[in-house]
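Have a look at the structure below, then the notes.
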Amino acid sequence: MEDRLRAFVTSSIIAIALLAGSQAQAGATFDAVKARGELVCGVHTGLFGFAAPDDKGVWKGLDVDMCRAVAASVLGNAGKVRYVPLSAQARLTALQSGEIDMLARNTTWTLTRDTANGLNFTNVNYYDGQGFMVRKSVGVKGAKELSGATVCVQTGTTTELNLADYFRANKLELKPVTIEKYEEVTAAYFAGRCDAITSDVSQLAAVRANDAPTPADHVILPEIISKEPLAVVVRHGDDQWFDVVKWSIASMVEAEEKGLTSANVDAALSSPDPTVKRLLGVTPGMGAALGLDEKWAYNVIKQVGNYGESFERNVGMGSKLQLPRGLNALWTQGGLMYTAPIR
Amino acid sequence: MSQPPVTQTPDEIFAREEEPVDGLHKEEAPPRARGSVLGWMQANLFSSIPNTLVTIACAALLVITVPPLIQWAFVEAVWSAADPAQCRAAEGACWALIEQKHRFILFGLYPFDEHWRPLLAVALFVIAIAVSCFPGFWRPWLAVLWVCTLGICALLMWGGILGLTFVETERWGGLPLTLILAAVGIVCAFPISIVLALGRRSEMPAVRALSVGFIELIRGVPLISVLFMASVMVPLFLPEGVTVNKLLRALIGIVLFTAAYLAEAVRGGLQSIPRGQFEAADALGLSYWQKTVLIILPQALKIAIPPIVNQFISMFKDTSLVIIIGLFDLLTTAKTALTDPPWRPFYVESYLFAGLIYWAFSFFMSRYSLFLERRLEAGAKRA
Chain A
1 MEDRLRAFVT SSIIAIALLA GSQAQAGATF DAVKARGELV CGVHTGLFGF
51 AAPDDKGVWK GLDVDMCRAV AASVLGNAGK VRYVPLSAQA RLTALQSGEI
101 DMLARNTTWT LTRDTANGLN FTNVNYYDGQ GFMVRKSVGV KGAKELSGAT
151 VCVQTGTTTE LNLADYFRAN KLELKPVTIE KYEEVTAAYF AGRCDAITSD
201 VSQLAAVRAN DAPTPADHVI LPEIISKEPL AVVVRHGDDQ WFDVVKWSIA
251 SMVEAEEKGL TSANVDAALS SPDPTVKRLL GVTPGMGAAL GLDEKWAYNV
301 IKQVGNYGES FERNVGMGSK LQLPRGLNAL WTQGGLMYTA PIR
Chain B
1 MSQPPVTQTP DEIFAREEEP VDGLHKEEAP PRARGSVLGW MQANLFSSIP
51 NTLVTIACAA LLVITVPPLI QWAFVEAVWS AADPAQCRAA EGACWALIEQ
101 KHRFILFGLY PFDEHWRPLL AVALFVIAIA VSCFPGFWRP WLAVLWVCTL
151 GICALLMWGG ILGLTFVETE RWGGLPLTLI LAAVGIVCAF PISIVLALGR
201 RSEMPAVRAL SVGFIELIRG VPLISVLFMA SVMVPLFLPE GVTVNKLLRA
251 LIGIVLFTAA YLAEAVRGGL QSIPRGQFEA ADALGLSYWQ KTVLIILPQA
301 LKIAIPPIVN QFISMFKDTS LVIIIGLFDL LTTAKTALTD PPWRPFYVES
351 YLFAGLIYWA FSFFMSRYSL FLERRLEAGA KRA
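From first to last, the protein sequence lines stand for chains A and B.
Numbered according to the UniProt record's numbering, the first sequence spans residues 1 to 343.
Numbered according to the UniProt record's numbering, the second sequence spans residues 1 to 383.
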């Protein structure tokens, strides 16, 4: 019985490897999307601010806006998206197998995923990192002072591994309290079962804003112990599609840099600025280079908004999560959001 | 005893026999012990020292838990509030969460303005089940009723004709999805399981090996891994761009899994039929199928009702595992409703709401199976 199962598993893995190889040559996702008239976009099954259905079952979030932006630039209509909610395990295979056209599901950009998994990462739409939150009354000023403190952490995540790595590297004594469910991790922290809680900083900020009885009693420590660049992914094999997705998202950042918003983009069509003229297709060429309509970026900005608008609406201070821009501010404002010139 | 003389009147016989009865009356326990509340309590709750201790412990537990629960769930609960801050201020349960989110929890991603369609479909489905529960309605027209009901439900859910907009299965969710998974799972798995159980007892080696192999393979893996195979492995084996509908993938996984388990329950029923029944059927010259369908299965399935219904109930609850494929069943929508940050602290209420719905259906199934058992048992006694 066991041998039969093992043989089956082995042959399955070989088959997957072969298929993954053959799919690298297949392609034409771009043509398929245009012919279908609908973008199939993989998203999270429910992560508020990034991708989650609202009370009416409509998908909302920063990742969802990436799908909408690509649909707007390729199809001219941000609403032409079919969302496929994916679990963490299923997300990469769904992309590799062609079930979805692109993946915007807070996926960390790593070397192995970019190479061996047969994927291409386009643009980072959120720079995240793991941090710590403690009660202000404890008086801890930095993560290095956490030696011997009990730390609440969700089990089975890279968060748990990063925590162990960080404490070992800094020769600190670690007393983790590992809990399976995220809600219970935060509940345990607020119940005083541990001195500190660790998770991605975006999550900690959301927890502080929404779950803490008094948000001002808690402080997020300045140390960021891991890099989590969350990026939009396509599969190997269709370079034109890769370009289109990459530049559709880049146009949102470029629009913010140029001060274009969904509200003023119509007025900006008569702008004398040559960069704006190129971006909005008043001076043609960019759309043709991508194989898109010259109005591609105009549609993105008009229907979805610039990156800053999307950020504020979904995760920023104007949203329920109330995250500061931090690393996700434009490069001109001390952040990492930067695009190559659109020309 | 000698015959009484004919001249004696019946009254005299009665009078004579009354005397000893009078004596018995005096020895009986005082009437207070029978029928009164105190008497009942003495007999059932405080009959011995261990019994008394258990009674006191249970009473203490009830006193400790029930009033705070009522306080939390009803007295101090917030029933209606657009702003979750009101819930935070209150001590009790936040049923306002259900008020705000019930449509999403019940119908998931289904287009908001079309929610009447899944609502109507669920209502029709429940009515059809209720009608089928009465033995008086077990007539051929019931099958027709079911075909019509399911047809109308499918029409309502899918749409695409009669002016209804088309809704793809990816957007189905909540209670209708859970019911579809459970109902299709039960209806399709049951016949397969009977075939498998018969196959396992077959005298043909190939059929037997195939049935045993299938049952053991499926029973050897958890449902979650069957679903995982369906969601992660199957797409890799298909050519690029060819995808099998997610709902169909989940259904196939659930049907195969349930069939394997049910087959063992049915086999248990088959094994309990005495040899004489088989021999008697053979002696009558019945063919294998006549024997199986007319003699063996009716008896075997009746015996196997408890394990079969057990499997149905467990499968109904297992449908919540379809989140692994990214389908929004009832439990997933209850969970997803909680991703909205201001409402996040009130997960107990959301899970209770979903749990209550699961419980209602499961409890109904278990009670109905008891009724069915008693009814079929009564039939056997009359015969």
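Where is the CB? At the ideal position from N, CA and C, for every residue including glycine.
| task | Let me know the beta strand (DSSP E) ranges lying completely inside the stretch 170–206 of chain A, each 3 residues or longer, listed in chain order. | result | Considered as a whole, the stretch 170–206 of chain A harbours 175–179, 196–200 as its complete beta strand (DSSP E) runs of no fewer than 3 residues, in chain order.
| query | Which partner residues does Y166(A) have in the DSSP bridge list? | reply | Its beta-bridge partners do not exist; DSSP assigns none.
| said: Under 8 Å, CB to CB, which of the residues in the stretch 63–82 of chain A have a partner in chain B? | reply: Here the close residues are R82.
| message | Does chain A have any CB closer than 9 Å to the CB of A337(B)? | response | yes
| If you check the beta carbons only, do L280(A) and I301(A) fall under 9 Å apart? | At the C-beta level, L280(A) and I301(A) come within 9 Å of one another.
| field | 7 Å CB neighbourhood of V245(A) in its chain, flanking five on each side removed | value | V70, M102, T122, V232, V234
| query | Do A300(B) and L196(B) come within 9 Å of each other at the CB atom, strictly closer than that value? | reply | no
| Where A206(B) sits in the DSSP three-state scheme | A206(B) falls in the helix class under three-state DSSP.
| field | Exposure of A17(A), with buried meaning 16 or more beta-carbon neighbours within 10 Å | value | Legend: pLDDT at A17(A) = 43, less than 50; position of this residue unreliable, value from coordinates given subsequently. Exposed: under 16 other Cβ atoms inside 10 Å.
| message | Under 9 Å, Cβ to Cβ, is there at least one residue of chain B near D55(A)? | response | yes
| task | Tell me where the alpha helix (DSSP H) around L119(A) begins and ends. | result | Unbroken run through L119(A) is the beta strand (DSSP E), 119–128; no alpha helix (DSSP H).
| request: Would you kindly work out how many angstroms separate the C-alpha atoms of V228(A) and Y347(B), rounded to a whole number? | output: This sequence places Glu at residue 228(A); Val is not what is there. Going by the C-alpha atoms only, they are around 28 Å apart.
| field | Inter-residue Cα distance where the pair is A263(B) and Y288(B) | value | 19 Å
| Which bits of chain C does S231(B) rub up against, with CB to CB less than 7 Å? | The structure shown contains no chain C; its protein chains are A and B.
| Cα-Cα separation between G21(A) and M365(B), rounded to whole angstroms | Unreliable positioning characterises G21(A) in this predicted model, as indicated by a pLDDT of 42, which lies under 50. The coordinate reading is nonetheless provided below. Those two C-alpha atoms are separated by around 49 Å.
| Buried versus exposed, by CB contacts within 10 Å (16 or more), C152(A) | buried
| request: State the beta-bridge partners of G173(B) as determined by DSSP. | output: F328(B)
| query | Is residue 407(B) helix, strand or coil when you go by DSSP? | reply | Outside the displayed range of chain B (1 to 383) lies residue 407(B), so it cannot be described from this structure.
| Environment of Q333(A) [buried if 16+ CB atoms lie within 10 Å] | exposed
| query | Is there at least one Cβ from chain A nearer than 9 Å to Y347(B)'s Cβ? | reply | Look at Y347(B): its C-beta is under 9 Å from a C-beta on chain A.
| said: Tell me which residue opens and which closes the beta strand (DSSP E) that L230(A) is part of. | reply: 228–235
| Using 8 Å as the threshold, is the stretch 312–331 of chain B in touch with the stretch 362–376 of chain B, meaning 3 or more CB pairs across them? | yes
| field | Given 8 Å, three or more beta-carbon pairs between the stretch 304–311 of chain A and the stretch 243–263 of chain A | value | yes
| request: For Y110(B), return the contacting residues in chain A, with the cut-off set at a CB-CB distance below 8 Å. | output: G57
| Can you tell me whether M66(A) is buried or exposed, with buried defined as 16 or more other CB within 10 angstroms of its CB? | buried
| query | On the premise that A205(A) lies in contact with L321(A), defined as a C-beta separation below 8 Å, what is that separation, rounded to the nearest angstrom? | reply | Between L321(A) and A205(A) the beta-carbon gap is near 7 Å, inside 8 Å, which marks them as a contact.
| Interface residues of the stretch 119–149 of chain A facing chain B [CB-CB below 8 Å] | Taking 8 Å as the upper bound on Cβ-Cβ separation, chain B lies near no residue of the stretch 119–149 of chain A.
| request: Could you check which residue in K302(B), V212(B), L177(B) has the C-alpha nearest to that of V358(B)? | output: Checking the sequence, you will find Tyr at residue 358(B) rather than Val. Checked all of K302(B), V212(B), L177(B); the closest Cα to Y358(B) is L177(B).
| field | When L162(B), G326(B), A209(B), G174(B) are compared against G355(B), the one with the closest alpha-carbon | value | G174(B)
| field | chain A contact residues for G326(B), given Cβ-Cβ distances below 8 Å | value | T45, V84, P85, L86, S87, A90
| request: Go ahead and pull the three-state DSSP assignment for C94(B). | output: The answer is strand: DSSP assigns C94(B) an E or B state.
| field | Unbroken beta strand (DSSP E) run spanning N44(B), endpoints | value | Premise fails: N44(B) lies in the alpha helix (DSSP H), 37–44, not in any beta strand (DSSP E).
| said: In whole angstroms, give me the CA-to-CA distance for Q23(A) and V207(B). | reply: Only weak support is given to the placement of Q23(A): the predicted model assigns it a pLDDT of 43, under 50, and the question is left unresolved by the model.
| For the candidate residues V81(A), D243(A), R105(A), whose alpha-carbon lies nearest to that of L292(A)? | D243(A)
| request: Please list the residues of the stretch 204–217 of chain A that have a C-beta atom closer than 9 Å to any C-beta atom in chain B, keeping them in chain order. | output: A206, V207, A209, N210, D211, P213
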